[in-house]
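For the sequence shown, position 3 (counting from the first letter as 1) is numbered -5 according to the numbering used here, and the numbering increases by one without interruption.
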Amino acid sequence: MKHRIVVLGAGYAGTHAAGRLARRLHAADTEITLVNADSEFVERVRLHQVAAGQDLPRRRLSDVYAGTPVTVRQARVTAVDAGNRTVQLDDGELGYDTLVYALGSTSDDHGVPGVAGYAYPLAGLDAAMRLRERLSGLAPGSAVLVAGGGLTGIEAATEIAESRPDLTVAIAARDGVGDWLSDKAQRHLRTVFGRLRITVHEHAAITAVEADGVRTGSGRIPADLTVWAAGFTTHPIAAASALQVAANGQIVADATMRSVSHPEVYAVGDAGITDGPGGKPLRMSCASGIPMAWQAADSIAARLTGRSLPKSPVRYFSQCISLGRRDGIIQVVTADDRATSTAVTGALAARMKELVCAGAGWSIAHPTVLLPTRRRRIQLPTSSAAMKAVG
C-alpha cells in the first residue's frame, strides 16, 4: 500500500515541492499527485511583463513532469476535508495520507468599493491578459494609475511606462512607495520614476475606485485605467476547512511547514504562515515560497524514512526589483528581510534580476534535477495510530 502524497497548486512552491519529493522518495512506496486548475505553469513574477505585451515561454505541466513519479491532475480544488483526509475537486474526490497545500494567493481588494467593477488586478495569468488587452486599446495620452507602492506596483508602473511612453502613468500608495528600501535604492527609484515620467502619489489611501479614476482621503486622482496591485490575500478554502489559520486565512505552520493543527498537512508559499528569522513571519513571495517548499519536502521525506529533520531555516538575502527591461534594483537584506545599505542599481541590477527570474523558470521546467538522486524507501506504518504519527 503506497503512501499517497497530494500537492495542491502548481505555482513556484507546489512545483518545487512535488519535484523535490519525487527525488527524495522511492516510487515503489509513494504516489505523488500534483493538482492544478491550469494545464500550464504561470510565471507569476513576470505577469507585469505579460500585461505590458510581452510573451513568455509556455510550460505545460504534463511535459514538465513527463518521465517522473509525479502525476499531474488538472482540476480545480473546491474544498479540503482535513478530518477525512480528502480533497474535493470539480471532477471528483481525492484522498491523501500527506497533503501539501500550495494554493497561493489572489488579489486583495481590502474592501475598497469599485475594485471588482473597475480595477484591473495583476494576480494571475487571466487577470494579466485582461489588463494587457485593456492597455493595448488605450489611446495615446490616456492616464494609467497603478494602486499599490510595493514590489508588484513598482514593477507594474515602470514596465507599463517603459513599454507605453505615450501614456501618462502614475502610482499611488497608502504609505510610501518603496520606502522600505535603502537610501541608495530609494534615490535610484526616484530617478527612474522621473526618467519614465511616472507621477508618485504617496500617503494617498484609496477609498473608492470609479470608472474614470479613484477617490482618496484627500481628493481624487483621474485615470482611464486603474491597475490594482495593493496586496494579496489567500483563497478561502483553507479557512473553510478544519485547519488552523491566521486572521488572513493562511495556514499556521511550524518551522518544518507542518500544520500546527493537522500534522499530515504541510503549507507552503503564500498559503502558509510561519515564523522566519527573528520571529518575523515570512512574507508572501517567490523568495519565501521556494525555500518553504524545499523545507516541507525534506521534512516529509525525513519523517517518512525515519531520518533527521532538516535544520536549515528559511532566510532572505535580497529583494530583486525590475524597473522595466533595462533597469532594476537588487536590494541586499538581512536574514529577516530588512534592507541594508548595500544595493546594486541600473543595468547590472536588471541583468541580475533577469538571471534570477530565468533561473526560477529553469528550475520549474526541470523540477527533479536540482538534487542528486537520493530516493529512500519509506517506513510504512502498520496501524492507523502509526499512520497519524507519520503524517
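Positions of the beta carbon are idealized from the N, C-alpha and C atoms, including for glycine.
On a predicted model such as this, the values are computed, not experimentally measured, just so you know.
Top-ranked residue by Cα proximity to R51, from T226, A149 and D30:
Of the listed residues, the one whose Cα sits closest to R51 is D30.
If the criterion is Cβ atoms closer than 8 angstroms, does the pair S134 and A44 meet it?
No, these two residues do not count as a Cβ contact at 8 angstroms.
Where does G383 fall in DSSP's three states?
Reliability fails at G383, whose pLDDT of 48 lies under 50, so the model's placement of it is uncertain and no value is given.
Alpha helix (DSSP H) containing F309: first to last residue?
Taken as a continuous stretch (DSSP letters only), F309 belongs to no alpha helix (DSSP H), as it is neither H nor E.
Just verifying my parser: in three-state terms, what is the DSSP assignment at S375?
The predicted model places S375 with a pLDDT of 34, which falls under 50 and marks its position as unreliable; any figure quoted below should be read in that light. If DSSP states are grouped into helix, strand and coil, S375 belongs with coil.
Buried versus exposed, by CB contacts within 10 Å (16 or more), L347:
Burial is judged here by how many other beta carbons sit within 10 angstroms of a residue's own beta carbon; L347 has fewer than 16 and is exposed.
State yes or no: is the C-beta of S97 within less than 8 angstroms of the C-beta of P113?
Cβ distance not < 8 angstroms, so S97 and P113 don't count as in contact.
If I measure Cβ to Cβ from G168 and keep anything under 8 angstroms in the same chain, skipping five residues before and after, which residues do I get?
Same-chain partners within the cutoff: G141, E194 and H195.
Return helix, strand or coil for G1, following the three-state DSSP convention.
Residue state, collapsed to three classes: coil.
For T286, name the three-state secondary structure that DSSP assigns.
In the sequence as displayed, the identity of residue 286 is Trp instead of Thr. If DSSP states are grouped into helix, strand and coil, W286 belongs with the helices.
Check whether T266 and P273 have beta carbons under 8 angstroms apart:
Yes. Within cutoff.
Just to check my reading of the structure: V306 and M276 have Cβ atoms closer than 8 angstroms, yes? What is that Cβ distance to the nearest angstrom?
Wrong, their Cβ atoms sit about 13 angstroms apart, outside the cutoff.
Give a yes or no on whether the C-beta atoms belonging to D328 and G261 are separated by under 8 angstroms.
Their beta carbons are not under 8 angstroms apart, which means D328 does not touch G261 by this criterion.
Taking only runs of the beta strand (DSSP E) that begin and end inside the stretch 175 to 202, which ones reach a length of at least 3 residues, in chain order?
Given a length threshold of 3 residues, each whole run of the beta strand (DSSP E) inside the stretch 175 to 202 is given here in chain order: 190 to 193 and 198 to 202.
Can you give me the C-alpha to C-alpha distance between V138 and I370, rounded to a whole angstrom?
Answer to the nearest angstrom: the Cα atoms are 50 angstroms apart.
If distances are taken between C-alpha atoms only, which option among P105, T22 and G316 comes closest to I152?
The candidate whose alpha carbon is nearest that of I152 is G316.
Consult DSSP for W220 and reduce its assignment to one of helix, strand or coil.
It is a strand residue.
Please report how far the alpha carbon of S314 lies from the alpha carbon of K(-6), in whole angstroms.
Put simply, the backbone Cα of S314 is about 45 angstroms away from that of K(-6).
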